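So the sequence lines, in the order shown, correspond to chains A and B. Under the working numbering, residue 1280 is the last one in the first sequence; the count climbs by one each step, no gaps. Under the working numbering, residue 1280 is the last one in the second sequence; the count climbs by one each step, no gaps. Note sheet for the following structure.
Number of protein chains: 2
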Amino acid sequence: MAHSIGSSRTASGFLAVKALFFDVFGTLVDWRGGVASQAEAILTPFGYALDWLAFADAWRGEYQTGMEEVRSGRIPFSKLDVIHRRNLDRILPRFGLEGAPEDALTALNLAWHRLPAWPDAARGLAKLREAYILAPMSNGNISLLVDLARHNDFVFDAIFGAEFAGDYKPKPGVYLKAAAALDLPPSACLMVATHSSDLAAAAACGLRTAHIARPDEFGTGGAGEARPLVPVDLAAAGIGDLARRLGLASR
Amino acid sequence: MAHSIGSSRTASGFLAVKALFFDVFGTLVDWRGGVASQAEAILTPFGYALDWLAFADAWRGEYQTGMEEVRSGRIPFSKLDVIHRRNLDRILPRFGLEGAPEDALTALNLAWHRLPAWPDAARGLAKLREAYILAPMSNGNISLLVDLARHNDFVFDAIFGAEFAGDYKPKPGVYLKAAAALDLPPSACLMVATHSSDLAAAAACGLRTAHIARPDEFGTGGAGEARPLVPVDLAAAGIGDLARRLGLASR
């Protein structure tokens, strides 16, 4: 049974927290390695040989621009799969991929549905779920998050984020609609992410915050956050470490 | 790993089905016994002695009327917890409960979050999840469904239904928005319910349908459906039997 919430095992100060919301890309899964390896597997048979990590970085580099069109109201809400595909089309010429077959590009766009988890994620989530309601709070669309969870053996209690709210993080409504759906005040929700900007936005809405160190999110020596750049309630080295810091003993 | 979807184990004719949507009240959980026993536990200490099953029946008897106010557009969407509370207040005089303390009524309204599963439900769902994406397709709100799932060890991949769609079954948008969120055509979705009206509405939207026999939903000799009253794709005696009929061997 996984429904003992807010038990006495919970670290003092976090007794009021009932739900944990997780950023996904970078925090739970390795988008950079996953996109690079799948791009290589899908495009190599067609004779392409790229710097696959640079390709992943370039695709992700268009991410905020694509979502900003929705956040600003310039275009109606579009699910992230649609934005990912538009961003992919935008970078194709940069990598000489304009002639890649449509089937391959369709498959490539689904690489984001099959990203590999960081090694501590699945076990850490299972431990946390013994005491908390868990949900992704991601800009990924629902089908993407369902596929990622099944691919990596993550078990969530609900799916919140962009498609549920009809807008993209860091807009306040994305965080607040999730808390409201659970009948919880924001202060009973803990936002878990490796990106300080996400945590700052959640904190501004009244959520508690936990930072996860992912120094290698953008590769060794890249811009990955080894520590939070803003004040947070907790800082952890990984999802299992977060469980320990919340007073849940490791199995 | 629970992500082999549409495998060769699936019964022929259902190879295209990727997602199973479940009605919850009556199909997966025993609302009548659950409401009656919790009402007894909550109200007896205050000196009330009712026909608890009649009380459960009366409360559920207001269900369609409450939702019809939303479906017809007379009132904006309200989550089922709100409708349940309004319906409870409506029947209080009938049972001499006008003087019951507010705390008790608040707790009583949450009885719907803690209904017991039918004995075959949790194990059957776990078996089905080996091959299919599972989600409730219920008029219950998200917090209610999260609590019910955790209380009964149900694991779902997403939560669809009224709160996700902003309307109540059997309105077509409730079924169709769920299929669209999974990037699936309606024909790749199987609606599972013990209520023929729900199955007829889903079929009209192009979903496949499976009936679950729950002859005792309204008590022995009551109006529970032992067999479908409309044409369906499958009829099963329970959730485990549904898994077997879909070609998944029992553990």
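All C-beta atoms, glycine included, are put in the ideal place defined by N, C-alpha and C. Note that the coordinates shown come from a computational prediction; the quantities given were computed from them, not determined experimentally.
Practice item. Could you check the C-alpha separation between leucine 1121(A) and proline 1130(A) for me, to the nearest Å? Key: In the first sequence, residue 1121(A) corresponds to position 92, counting from 1. In the first sequence, residue 1130(A) corresponds to position 101, counting from 1. When rounded, the distance between both Cα atoms is 12 Å.
Practice item. Find the residues of chain A that neighbour aspartate 1186(B), judging by a C-beta separation of less than 7 Å, and give them in chain order. Key: Against the second sequence, residue 1186(B) aligns to sequence position 157. Proximity of chain A to aspartate 1186(B) at the Cβ level (cut-off 7 Å) is accounted for by Val1175, Ala1178, Arg1179, in chain order.
Check your understanding: Skipping 5 residues on each side, what residues in its chain have a beta carbon closer than 6 Å to that of alanine 1065(A)?
Key -> Counting from 1 along the first sequence, the entry for residue 1065(A) is found at position 36. So the qualifying residues of the chain are Trp1081, Leu1082, Ala1085.
Check your understanding: Within 10 angstroms of its Cβ, does serine 1167(A) collect 16 or more other Cβ (buried), or is it exposed?
Key -> Translated into the one-based positions of the first sequence, residue 1167(A) becomes position 138. Counting Cβ neighbours within 10 Å, serine 1167(A) comes out buried, since at least 16 surround it.
Practice item. Specify the secondary structure class of proline 1165(A) as computed by DSSP and reduced to three states. Key: Looking up residue 1165(A) in the first sequence gives position 136. Strand at proline 1165(A).
Review point. Taking the alpha-carbon positions, what's the threonine 1056(B) to glutamate 1246(B) distance?
Key: Stepping through the second sequence from its first residue, residue 1056(B) is reached at position 27. Stepping through the second sequence from its first residue, residue 1246(B) is reached at position 217. Distance between the alpha carbons of threonine 1056(B) and glutamate 1246(B) is about 8 Å.
Exercise for review: With a threshold of 16 other CB atoms inside 10 Å of the CB of lysine 1047(B), please say whether the residue is buried or exposed.
Suggested key: To locate residue 1047(B), count along the second sequence from 1; it is residue 18. Buried, because 16 or more other Cβ atoms sit within 10 Å of the Cβ of lysine 1047(B).
Practice item. Using a Cβ cut-off of 9 Å (strictly closer), state whether asparagine 1170(B) contacts chain A. Key: For the purposes of this step, residue 1170(B) is taken as residue 141 along the second sequence, with counting starting at 1. True, the Cβ-Cβ gap to chain A drops below 9 Å.
Exercise for review: Within the same chain, show all residues whose beta-carbon is closer than 6 Å to that of isoleucine 1071(A), passing over the 5 residues directly before and after it, in chain order.
Suggested key: The sequence position of residue 1071(A) within the first sequence is 42, counting from 1. The answer, listed in chain order, is Ala1133, Ala1136, Leu1137.
**Study point:** Residues near arginine 1263(B) in its chain [Cβ-Cβ closer than 6 Å; skip 5 each side]
**Key:** Within the second sequence, residue 1263(B) is the residue found at index 234, counting from 1. In the sequence under discussion, the amino acid at residue 1263(B) is leucine, which differs from the arginine named in the question. These residues qualify, in order along the chain: Ala1239, Arg1274.
Check your understanding: So methionine 1220(A) and aspartate 1227(A) are in contact, right, with Cβ under 8 Å, and what is the actual spacing, rounded?
Key -> The count along the first sequence starts at 1 and reaches residue 1220(A) at position 191. The count along the first sequence starts at 1 and reaches residue 1227(A) at position 198. Taking C-beta atoms under 8 Å as the contact rule, methionine 1220(A) and aspartate 1227(A) qualify, at a distance of about 7 Å.
**Study point:** Within chain B, the residues that leucine 1211(A) reaches when beta carbons sit closer than 9 Å
**Key:** Counting from 1 along the first sequence, the entry for residue 1211(A) is found at position 182. For leucine 1211(A), the C-beta contacts it makes with chain B under 9 Å involve Ile1171, Ser1172, Val1175, in order along the chain.
Practice item. Examine chain B for any beta-carbon lying closer than 9 Å to the beta-carbon of isoleucine 1162(A), and answer yes or no. Key: For this step, residue 1162(A) is matched to residue 133 along the first sequence. Interface annotation, isoleucine 1162(A): in contact with chain B, CB-CB separation under 9 Å.
**Study point:** Under 9 Å by beta carbon: chain B residues contacting glutamate 1131(A)
**Key:** As a first step, residue 1131(A) must be located in the first sequence, where it is residue number 102. For glutamate 1131(A), there are no neighbours in chain B by C-beta distance under 9 Å, as the nearest C-beta there is about 17 Å away.
Practice item. Measure the beta-carbon distance from alanine 1242(B) to alanine 1207(B) and round it to whole angstroms, keeping in mind my assumption that it falls under 8 Å. Key: What you label residue 1242(B) is simply residue 213 of the second sequence in a count that begins at 1. What you label residue 1207(B) is simply residue 178 of the second sequence in a count that begins at 1. That belief does not hold up - the Cβ atoms of alanine 1242(B) and alanine 1207(B) are roughly 24 Å apart, past 8 Å.
Exercise for review: Run through the stretch 1204-1278 of chain B for me and flag every whole alpha helix (DSSP H) of 4 or more residues, listed as ranges in chain order.
Suggested key: Listed in chain order, the alpha helix (DSSP H) elements of length 4 or more contained wholly in the stretch 1204-1278 of chain B are 1225-1233, 1268-1274.
Review point. For glutamate 1192(B) and chain A, any beta-carbon pair shorter than 9 Å?
Key: Start at 1 with the first residue of the second sequence, and residue 1192(B) comes out as number 163. By this cut-off, glutamate 1192(B) is an interface position.
Review point. Counting only beta-carbon atoms, is aspartate 1110(A) nearer than 9 Å to chain B?
Key: Here residue 1110(A) refers to the residue found at position 81 of the first sequence. Using a CB distance cut-off of 9 Å, aspartate 1110(A) counts as an interface residue toward chain B.
**Study point:** Under 9 Å between C-beta atoms of proline 1165(A) and aspartate 1059(A)
**Key:** Within the first sequence, residue 1165(A) is the residue found at index 136, counting from 1. Within the first sequence, residue 1059(A) is the residue found at index 30, counting from 1. Proline 1165(A) is not a Cβ neighbour of aspartate 1059(A), given a cutoff of 9 Å.
Review point. Skipping 5 residues on each side, what residues in its chain have a beta carbon closer than 6 Å to that of phenylalanine 1054(A)?
Key: Within the first sequence, the letter at position 25 stands for residue 1054(A). Closer than 6 Å at Cβ, skipping near neighbours: Trp1060.
Check your understanding: Do phenylalanine 1193(B) and phenylalanine 1193(A) come within 9 Å of each other at the CB atom, strictly closer than that value?
Key -> As a working mapping, residue 1193(A) is identified with position 164 in the first sequence. As a working mapping, residue 1193(B) is identified with position 164 in the second sequence. In this structure, phenylalanine 1193(B) lies closer than 9 Å to phenylalanine 1193(A) by Cβ.
Check your understanding: Roughly how many angstroms separate the alpha carbons of glutamate 1254(A) and valine 1261(A), rounded to a whole number?
Key -> The residue you call residue 1254(A) lines up with position 225 of the first sequence. The residue you call residue 1261(A) lines up with position 232 of the first sequence. It is roughly 13 Å from the alpha-carbon of glutamate 1254(A) to the alpha-carbon of valine 1261(A).
Check your understanding: Can we count valine 1053(A) as close to the ligand MN, meaning its CB is less than 8 Å from some heavy atom?
Key -> Although the ligand MN was asked about, the structure shown includes no ligands whatsoever.
Point to revise | Top-ranked residue by Cα proximity to alanine 1187(B), from Ile1162(B), Pro1244(B), Lys1200(B) | key: Residue mapping note: residue 1187(B) aligns to position 158 of the second sequence, counting from 1. Comparing Cα-Cα distances from alanine 1187(B) to each of Ile1162(B), Pro1244(B), Lys1200(B), the minimum goes to Ile1162(B).
Review point. With distances taken from CA atoms, which of Pro1105(A), Ser1216(A), Arg1143(A), Pro1244(A) is nearest cysteine 1234(A)?
Key: Indexing the first sequence from 1 puts residue 1234(A) at position 205. For cysteine 1234(A), the closest C-alpha among the options Pro1105(A), Ser1216(A), Arg1143(A), Pro1244(A) is that of Ser1216(A).
Exercise for review: Please classify alanine 1160(A): does DSSP put it in a helix, a strand, or coil?
Suggested key: The residue labelled residue 1160(A) in the question sits at position 131 within the first sequence. It is coil, neither helix nor strand.
Exercise for review: Can you tell me which of the three DSSP states glycine 1035(A) falls into?
Suggested key: In the first sequence, the residue the question calls residue 1035(A) occupies position 6. Here the model assigns glycine 1035(A) a pLDDT of 39, short of 50, so the residue's position is not dependable, and the following value carries that caveat. Residue state, collapsed to three classes: coil.
Point to revise | valine 1175(A) burial status per 10 Å Cβ neighbour count (16 or more: buried) | key: To locate residue 1175(A), count along the first sequence from 1; it is residue 146. Buried, since its Cβ has 16 or more Cβ neighbours within 10 Å.
**Study point:** Which of helix, strand or coil DSSP assigns to glycine 1128(B)
**Key:** In the second sequence, counting from the first residue as 1, residue 1128(B) sits at position 99. Assignment of glycine 1128(B) by DSSP, reduced to helix, strand and coil, places it in the coil class.
Point to revise | As assigned by DSSP and simplified to three states, the class of alanine 1048(B) | key: Start at 1 with the first residue of the second sequence, and residue 1048(B) comes out as number 19. Of the three classes helix, strand and coil, the one that applies to alanine 1048(B) here is strand, per DSSP.
Review point. For glycine 1204(B), which residues from the same chain have a beta carbon less than 8 Å from its beta carbon, with the 5 sequence-adjacent residues on both sides left out?
Key: Position 175 of the second sequence, counting from 1, holds the residue named residue 1204(B). Correcting the residue type first, residue 1204(B) is tyrosine in the shown sequence and not glycine. Excluding its 5 nearest sequence neighbours in each direction, tyrosine 1204(B) has C-beta neighbours in its own chain below 8 Å: Phe1050, Met1166, Lys1198, Pro1215, Cys1218, Met1220, Ala1230, Ala1231, Cys1234, Leu1236, listed in chain order.
Check your understanding: To which residues of the same chain is proline 1244(B) closer than 6 Å at the C-beta, ignoring the five residues directly before and after it?
Key -> Here residue 1244(B) corresponds to residue number 215 of the second sequence, with the count starting at 1. Here proline 1244(B) has Gly1253, Ala1255 as same chain residues with Cβ atoms under 6 Å from its own Cβ, once five neighbours each way along the sequence are excluded.
Review point. What do you get for serine 1172(B), buried or exposed, if any count of 16 or more other CB atoms within 10 angstroms of its CB means buried?
Key: In the second sequence, counting from the first residue as 1, residue 1172(B) sits at position 143. Per the 10 Å Cβ criterion, buried.
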